[in-house]
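Trainee: Chains C and F, in that order, give the protein sequences.
Quick note on numbering: our numbering labels position 171 of the first sequence as 154, and the sequence is numbered without any gaps.
Every number in our numbering is 1 more than the matching position in the second sequence, counting from 1.
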Amino acid sequence: MIRPLAGMARVGLRFQLAYRSDVIMTVLALIAQVFLLRMVWTSVYGGAGQARGLTLEALLAYLSLANLQAFATTPIIPLIAHFRIRTGMVFFDLSRPTGYLPQMAAFQAGHTLGGLLMLAPAVPVVLLVGTITPTAQPLGYAATLTLGYVISVMMSLLICVIGFWTLETGAISLLYRLISQFFAGTMVPLSFFPGALGVLAEALPFKYMGYVPAAIYVGHLSGGQVVQAMIVEVSWIAGLAVLLWAVWRRAHRRVVINGG
Amino acid sequence: MIRVESLTKVFRRPRTFPGPLGALRTLVTRRYDERVAVDDVSFEIPEGEVVGYLGPNGAGKSTTVKMLTGILTPTSGLVEVGGRVPWRDRSANARSVGVVFGQRSQLWWDLPLIESLRLVGALYDVPAAHFTGSLRRMCDLLGLDDFLDTPVRQLSLGQRMRGDLAAAMLYDPPILYLDEPTVGLDVLAKQAVREFIVDTNRAGRTTVVLTTHDLADVEALCRRIILIDKGRVLYDGGIDALVTAYAPPRRLVVHLADDETRTFDIAGGASVPELIGRVAAENTIRDLSIEEPDLESVIKQIYAESTR
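#1: Once the 5 residues before and after F:Thr74 are set aside, which same chain residues still bring their CB inside 7 Å of it?
#2: Between which two residues does the alpha helix (DSSP H) harbouring C:Val201 extend?
#3: Here's the rule: buried if 16 or more other CB atoms are within 10 angstroms of the residue's CB, otherwise exposed. What is C:Leu158?
#4: Excluding the five sequence neighbours on either side, which residues of its own chain have a C-beta within less than 7 Å of the C-beta of C:Thr9, listed in chain order?
#5: Cα-Cα, which of F:Glu81, F:Arg195, F:Pro19, F:Glu35 is closest to F:Arg4?
#6: Can you list, in chain order, the residues of the stretch 59 to 82 of chain C whose Cβ is nearer than 8 Å to any Cβ on chain F?
#7: Tell me whether F:Arg252, by its Cβ, gets closer than 7 Å to a heavy atom of the ligand FAD.
#8: Grouping DSSP H, G and I as helix and E and B as strand, with all else coil, what is F:Lys10?
#9: Can you tell me whether F:Glu116 is helix, strand or coil according to DSSP?
#10: From the beta carbon of C:Arg(-3), is the nearest beta carbon of chain F less than 8 Å away?
#11: On the DSSP bridge assignment, give the partners of F:Glu292 in chain order.
#12: Check whether the Cβ atoms of F:Leu189 and F:Glu297 sit closer than 8 Å, and answer yes or no.
#13: Which ranges does the alpha helix (DSSP H) cover as unbroken runs of at least 4 residues, wholly within the stretch 54 to 126 of chain C, from first to last along the chain?
#14: Which parts of the stretch 165 to 192 of chain F are runs of the beta strand (DSSP E), unbroken and 3 residues or longer, counting only runs that do not cross its ends?
#15: What's the C-alpha gap between C:Thr116 and C:Leu110?
#16: In the DSSP assignment, the alpha helix (DSSP H) including F:Ser97 goes from what residue to what residue?
#17: Just how far apart, CA to CA, sit C:Gly202 and C:Leu180?
#18: Does the distance from the CB of F:Leu114 to the CB of F:Leu149 come in under 8 Å?
#19: In the DSSP assignment, what residue or residues form a beta bridge with F:Ser77?
#20: If the cut is a Cβ gap below 9 Å, which residues of chain C does F:Ser135 touch?
#21: If the cut is a Cβ gap below 8 Å, which residues of chain F does C:Arg(-14) touch?
#22: Can you list, in chain order, the residues of the stretch 93 to 111 of chain F whose Cβ is nearer than 7 Å to any Cβ on chain C?
#23: Can you give me the start and stop residues for the beta strand (DSSP E) that F:Arg36 sits inside?
#24: First and last residue of the alpha helix (DSSP H) that includes F:Val210?
#25: Out of curiosity, what's the CA-to-CA distance linking F:Gly164 and F:Ile227?
#26: Quick one: what's got a C-beta closer than 6 Å to F:Asp218's C-beta in the same chain, skipping five residues either side?
#27: Would you say C:Met(-9) faces chain F, with C-beta separation under 8 Å as the test?
#28: For F:Glu292 versus F:Val254, is the C-beta spacing smaller than 8 Å?
#29: Whole angstroms are fine: how far does the CA of C:Ala212 sit from the CA of C:Val195?
#30: What distance in whole Å lies between the Cβ atoms of C:Phe90 and C:Val(-6), which are believed to be in contact at a cut-off of 8 Å?
#31: State the start and end residues of the unbroken beta strand (DSSP E) segment that holds F:Leu235.
#32: Can you name the residues of chain F whose CB is closer than 8 Å to the CB of C:Ala1?
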């Protein structure tokens, strides 16, 4: 089981690194976004010391980190699955001895590793612009980020599976990306969200892909809150696993019916 | 090796409605259209045989191949490949079959060819030493060395097809399904593909099911063909027997002095010199030839009869 998945991850990694011009553009886009957010939020804060418990420095560090995380971990598999379902190439994915979902997840893991390598040159700039200093909670940060990443991949796998019904996941992927990045708090921290929007953001799993790990990094969340976040993350993963299994069974029957 | 009995596949799709609101109606409809893609098909293919599985577009060829690979489940009937029911034991079945589609590729477009081949080695868990030996054999047979490190998107169609054949055979499956493997290839590339199929069949006793519209492929590779149309088997047997049984009459083609061309069917038992004499008495002949029935004309006639 390990070797097939390692092979698929290697292809994901090579796929990410295949286009060097994309690498440069992504790095530039990330740096530009962090710069723009710094300008806007510095202006919003004016001379205020802090807002909603966050100093300007902590906020800038938070936003820079959240964006760095989002750029490195945004899933590619909905796009890959969309292309392969439409062209019928999914036939080959389905005819392998290894399952379709493990193949896609492994591809994503390799692709993410490629993304991290790709973004390495941008990290010093982002750290400098965001005035990010080492965290006091490295373990809590790494654990919540890793679990958040697993949630993100599982949500993407769900979108891949939906493609077996709709044959078209382009619009759904775009919508998902918009919603997930907004509710992950990459533009505005969740603690700034008003009323019902705040409640909704708290209830959705997207915050574990951006806000929660970044807030732990800058010390906005700590102690029991970190443990609680991890427990909720693990519950989300368990729930999504059951949902994915159930949806895949139905989708698989559909493939079998419609002929891929 | 392959046993198919009374195999039937019916596709059921939501009914589509025309008009501006048709798409919406299609989305919510509970009415379905049914289409029989494969209808009561039976055949057996012993180990080591190369069989042409032929039929016009939409005849049910690819649907049969998808059921043989386990991707589709039949509506009714039985399929056994190497003693296994493909869709029940998909993983084991996957290891015993290689598939090549002329119209789509299993190679990763953006990556060098070798990456796709390495992936196949990993997905089928081919031991490293075995993989190296297999890859060397494929490179020698298919001449891959010159473009192993070239991204697939930069390969010619012939090179890509050779890459696909290598990917399908790297793990030595005992069965190979080829769906139009020579479509769009030039004569040299077609020849290379055919030679590879002959070698693979001879060396490894690989069973080959070949789906194609190119009857030259069939004549070069197969002794037996299964003809299907509208999901049903029209003929299953040797090519020679097919030509003998269904051959249309030979034809005398006469080019006359005034640039007119006329053709005459030569009925069974008729004397050709006599026919020529009769035509020559009434016309001034510039040139003449006799057309023997070929496989294509035989198959054309069978399809024509089946649609009547």
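Glycine included, every Cβ here is placed at the ideal spot set by N, Cα and C.
Mentor: For this structure:
#1: Trp88
#2: Run containing C:Val201: none; DSSP gives neither H nor E here.
#3: exposed
#4: Phe54, Met101
#5: F:Glu81
#6: Thr70, Gly71, Met72, Phe74, Phe75, Leu77, Ser78, Arg79, Pro80, Thr81
#7: As presented, the structure is devoid of all ligands, the ligand FAD included, so that no description of it is given.
#8: strand
#9: The answer is helix: DSSP assigns F:Glu116 an H, G or I state.
#10: For C:Arg(-3), the answer is yes, since a Cβ of chain F falls inside 8 Å of its Cβ.
#11: F:Arg252
#12: no
#13: 60 to 70, 73 to 77, 83 to 102, 106 to 112
#14: 176 to 180
#15: 8 Å
#16: Note, F:Ser97: alpha helix (DSSP H), 91 to 97.
#17: 23 Å
#18: yes
#19: DSSP output for F:Ser77 lists F:Thr9 as bridge partner(s).
#20: Result: empty, since nearest Cβ-Cβ is about 15 Å, beyond 9 Å.
#21: Result: Ala123, Asp126.
#22: Along the stretch 93 to 111 of chain F, the positions whose C-beta sits under 7 Å from a C-beta of chain C are Ala95, Arg96, Val100, Arg105, Gln107, Trp109, Asp111, read in chain order.
#23: 33 to 46
#24: It is not in any alpha helix (DSSP H) - F:Val210 instead sits in the beta strand (DSSP E) that spans 208 to 212.
#25: 28 Å
#26: Thr183
#27: yes
#28: yes
#29: The C-alpha of C:Val195 lies about 8 Å from the C-alpha of C:Ala212.
#30: Sure, about 6 Å apart at Cβ, within 8 Å.
#31: 233 to 239
#32: Asp111, Leu112, Pro152
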